[in-house]
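Below is one structure; the comments refer to it alone.
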Amino acid sequence: MPNWEIAGRRLYQQQLSQPSFTQPEQVVGWLGAVQAQEYAPTLWSIGQRMTKAQEADIEAAVRDGRILRTHLLRPTWQFVASQDIRWLLQISAPRVHALNATMVRQVELDEAILRRSSELIARALQGGQQRTREELGQVLHAAGIVAQGVRLAYIMMFAELEGVICSGARQGKQFTYALLEERAPDATILTREEALAELAKRYFLSHGPATLKDFTWWSSLTLADARAGVALLGAQLASETVDGQTFWFDPAAQLPPLAPPEQPQLYLLPIYDEYISYDDRSHIFAPQYKEMYDPQYNLSFPHLIVIDGQIVGTWRRTLQKKQVVIKYRPFRPFTSAEDAAVRAQAQRFGDFLKLTVVI
Numbered sequence: 053m054p055n056w057e058i059a060g061r062r063l064y065q066q067q068l069s070q071p072s073f074t075q076p077e078q079v080v081g082w083l084g085a086v087q088a089q090e091y092a093p094t095l096w097s098i099g100q101r102m103t104k105a106q107e108a109d110i111e112a113a114v115r116d117g118r119i120l121r122t123h124l125l126r127p128t129w130q131f132v133a134s135q136d137i138r139w140l141l142q143i144s145a146p147r148v149h150a151l152n153a154t155m156v157r158q159v160e161l162d163e164a165i166l167r168r169s170s171e172l173i174a175r176a177l178q179g180g181q182q183r184t185r186e187e188l189g190q191v192l193h194a195a196g197i198v199a200q201g202v203r204l205a206y207i208m209m210f211a212e213l214e215g216v217i218c219s220g221a222r223q224g225k226q227f228t229y230a231l232l233e234e235r236a237p238d239a240t241i242l243t244r245e246e247a248l249a250e251l252a253k254r255y256f257l258s259h260g261p262a263t264l265k266d267f268t269w270w271s272s273l274t275l276a277d278a279r280a281g282v283a284l285l286g287a288q289l290a291s292e293t294v295d296g297q298t299f300w301f302d303p304a305a306q307l308p309p310l311a312p313p314e315q316p317q318l319y320l321l322p323i324y325d326e327y328i329s330y331d332d333r334s335h336i337f338a339p340q341y342k343e344m345y346d347p348q349y350n351l352s353f354p355h356l357i358v359i360d361g362q363i364v365g366t367w368r369r370t371l372q373k374k375q376v377v378i379k380y381r382p383f384r385p386f387t388s389a390e391d392a393a394v395r396a397q398a399q400r401f402g403d404f405l406k407l408t409v410v411i
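Numbering of the sequence shown is given in the working numbering, commencing with residue 53 and proceeding in unit increments.
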């Protein structure tokens with residue numbers, strides 16, 4: 053299985069090359085979770101994986117609670133389908149708590165303070181109340197708890213991981229929190245073994261071909277738990293060894309036909325898109341471009357240009373009142389067909405935002 057095949061299968065399984073979903077929660081549920089620390093770009097990440105979508109469609113799903121934004125898996129924001137949030141928290145919260153332990157100690161938080169803070173927050177949100185982080189910080193301050201900055205962030209994350217709170221509807225551009233039991237009352241409950249198997253299934257079917265190391269990076273699970281999840285799936289997964297690495301994937305997946313050279317398969321992906329959610333990115337990112345772009349630290353042109361499965365450039369967008377200005381930087385000279393494909397995808401992005409595109 054060469055790099056072009058690994059990349060092609062991932063584009064297809066991630067719903068990029070041939071999207072089939074019509075609802076945002078279907079996309080998020082298929083992927084298991086979608087990294088969402090950059091809120092607006094992540095809306096585009098979801099929208100690209102739908103047959104037809106506008107930004108307002110994903111915003112509506114967030115507002116209605118069909119998808120929720122919270123902390124789980126790696127210690128960062130994630131979008132998850134509301135029905136999945138309970139079992140995802142069950143399997144990942146202990147690992148995230150462990151990863152957060154050093155910072156929690158540094159900001160002088162202990163179990164007693166965190167538990168009391170969660171109780172106070174829960175009371176403030178009862179009855180369908182949705183409040184911003186700052187408002188909840190004031191509630192804690194009134195009770196004599198120092199709650200601001202990084203310290204408040206870890207108090208809120210603890211309450212999320214414990215299943216007390218999750219995202220509410222936005223108030224203008226302000227994010228809010230709501231009680232999880234009120235926001236997602238019908239969330240699925242699984243045993244730990246069932247949750248392990250389900251998380252492995254979601255990842256390898258939607259992100260495969262991928263390795264166990266890729267899965268542990270994405271999920272924060274231990275290697276032992278990752279192996280157990282795969283073992284529980286049995287014949288639901290297939291595997292192939294390439295250069296000493298075992299790749300797991302959907303045995304029923306079909307590799308889509310390659311696009312002809314005059315029709316490059318090009319995507320304008322946002323920063324932190326699930327397409328780069330692998331420990332090893334060498335199959336989609338040529339080493340000679342490493343000095344030109346580091347996905348962790350590029351700020352001026354943070355988003356990704358992918359052609360035929362390979363990251364070959366970066367782009368940025370500047371939002372104005374009635375238009376979006378897009379600029380791009382290829383790592384190598386683009387052909388006229390590739391430049392035309394950039395413009396076509398930029399127009400798709402403009403249609404998503406309902407803004408005029410300027411390149």
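From the three backbone atoms N, C-alpha and C, an ideal C-beta is built for every residue, glycine too. All of these numbers come straight from a predicted model, not from anything done at the bench.
In terms of Cα proximity to R279, the closest of L248, D136, V294 and R254 is L248. Less than 9 Å divides the Cβ of I359 from the Cβ of E390. Between R121 and A199, the alpha-carbon positions lie close to 21 Å from each other. Residue environment for H123: buried (at least 16 other C-beta atoms within 10 angstroms of its C-beta). With fewer than 16 other Cβ atoms from the protein chains shown falling within 10 Å of its own Cβ, G180 counts as exposed. Boundaries for G281: no beta strand (DSSP E) harbours it, while the alpha helix (DSSP H) harbouring it runs L275 to L285, taken from the DSSP string.
Rounded to whole angstroms, the Cβ separation of A211 and S170 is 4 Å, and the two are in contact under 8 Å.
When rounded, the separation of the alpha-carbon atoms in Q65 and Q106 is 22 Å.
E250 carries a helical assignment under DSSP once its states are collapsed to helix, strand and coil. Taken atom to atom, the span from the alpha-carbon of T184 to that of R222 is near 9 Å.
For G365, the enclosing beta strand (DSSP E) stretches over residues Q362 to L371. With a cut-off of 8 Å on Cβ pairs, the region 255 to 270 is not in contact with the region 231 to 245, counting fewer than three such pairs. Contact between G220 and Y229 is confirmed by a C-beta separation of about 6 Å, below the 8 Å threshold. Per DSSP, P322 has no beta bridge partner at all. Closest option to R400, judged by alpha-carbon separation, among G60, D266 and S97: S97. Taking C-beta atoms as the reference points, F227 and Y324 fail to come closer than 9 Å.
Taking all protein chains shown into account, G84 has 16 or more neighbouring C-beta atoms within 10 Å of its C-beta and is therefore buried. For L231, the closest C-alpha among the options L213, E245, I241 and E246 is that of L213. As computed with DSSP, I217 is found in a beta bridge with L231.
The beta carbon of M209 sits closer than 6 Å to the beta carbons of H123 from its chain, once the five residues preceding and following it are set aside; these are given in chain order. Where A290 is concerned, the enclosing beta strand (DSSP E) starts and stops at A290 to V294. By DSSP's assignment, T240 forms no beta bridge with any residue. Taking C-beta atoms as the reference points, L63 and Y327 count as a pair closer than 9 Å.
The beta carbon of V294 is closer than 7 Å to those of M53 in its chain, skipping five residues each way along the sequence. The residue from Q89, I58, T94 and I110 with its alpha-carbon nearest to that of T74 is I110. DSSP places R168 inside the alpha helix (DSSP H), whose first and last residues are E163 to L177.
The beta carbon of T128 sits closer than 7 Å to those of Q87 and Q89, all from its chain and outside the five residues before and after it, given in chain order.
DSSP, reduced to helix, strand and coil, places K265 within a helical segment of the structure shown. As DSSP reads the structure, P382 sits in a beta bridge with G365.
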